[in-house]
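To start, the structure itself, in structure tokens.
In the numbering used here, the protein residues as written are 645 to 774.
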């Protein structure tokens, strides 16, 4: 069995799209459309593959800090896990975070991510025993 790469170049995708849609004259679909399509596809692949999206970042949290900007890590698409002083924190979906508000029902640091910012719910990292 031969081993082959399962990747395509932009030229390969461009050729396949123009041939598939019969638009070799670029009347309906132009290069910009196809490159945007390729970029979206690459983002989907990275988001669905943990190994491709693995990155580590080490930063400092100040006492009472309730937010952490994700812009410090370039091209970060998703946070899979967040540890503070080696202890795993709990991620909740935005809808659940809105329902929880600033409740102190849990002793674990709980957070959600929205608009490129991690927001800590009570207890904040400084309030906890981390």
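Virtual Cβ for every residue (Gly too), placed ideally from N, Cα, C. Remember, predicted model here, so these are calculated numbers, not experimental data.
For residue 662, there is no enclosing beta strand (DSSP E); the residue is part of the alpha helix (DSSP H) that begins and ends at 654 to 664.
If you look at residue 762, you'll find it in the beta strand (DSSP E) that goes 761 to 764. Taking the C-beta atoms as reference points, residue 706 is found no nearer than 8 Å to residue 761. 8 Å or more divides the Cβ of residue 722 from the Cβ of residue 765. With at least 16 other beta carbons inside 10 angstroms of its own, residue 756 counts as buried. Where residue 738 is concerned, there is no enclosing beta strand (DSSP E), although the alpha helix (DSSP H) around it starts and stops at 738 to 744. A check of alpha carbon separations from residue 702 across 727, 679, 681 identifies 727 as the nearest. The criterion of a C-beta distance shorter than 8 Å is satisfied by residue 673 and residue 662. DSSP places residue 675 in the uninterrupted alpha helix (DSSP H) bounded by 675 to 692. Under DSSP, no beta-bridge partner is assigned to residue 724.
With a 10 Å radius around the Cβ and a threshold of 16 neighbouring Cβ atoms, residue 654 comes out exposed. Cβ atoms of residue 752 and residue 729 stay farther apart than 8 Å, at about 13 Å.
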